[in-house]
């Protein structure tokens with residue numbers, strides 16, 4: 273994903289700043305939603321039991337996929 277993004281985000285111009293800014297805004301809400309869902313699923317009444325390492329692994333995987341993924345979407349739109 274980053275190889276596809278390199279010509280779009282490495283020239284430091286207005287377009288690159290807009291792509292990064294919009295992608296980070298969307299990722300903030302995606303991570304907040306993911307944390308909320310994990311909290312609800314693993315609370316005392318929830319059906320899942322995750323260790324802290326497993327929860328952090330889920331958050332890391334979602335972050336590692338959504339950041340370049342949303343940048344790709346915005347690079348095609350902008």
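Numbering (this note's numbering), first residue to last: 273 to 350. Beta carbons are placed, not taken as given, at the ideal position from N, Cα and C, and that holds for glycine.
Would you identify the three-state DSSP class for residue 343, choosing helix, strand or coil? helix
For residue 312, does the count of other Cβ atoms within 10 angstroms reach 16, so buried, or fall short, so exposed? exposed
Can you tell me whether residue 276 is buried or exposed? The criterion is at least 16 other CB atoms within 10 Å of its CB, across all chains shown. exposed
If we ignore side chains and look at the alpha-carbon of each, how far apart do residue 332 and residue 303 end up? 10 angstroms
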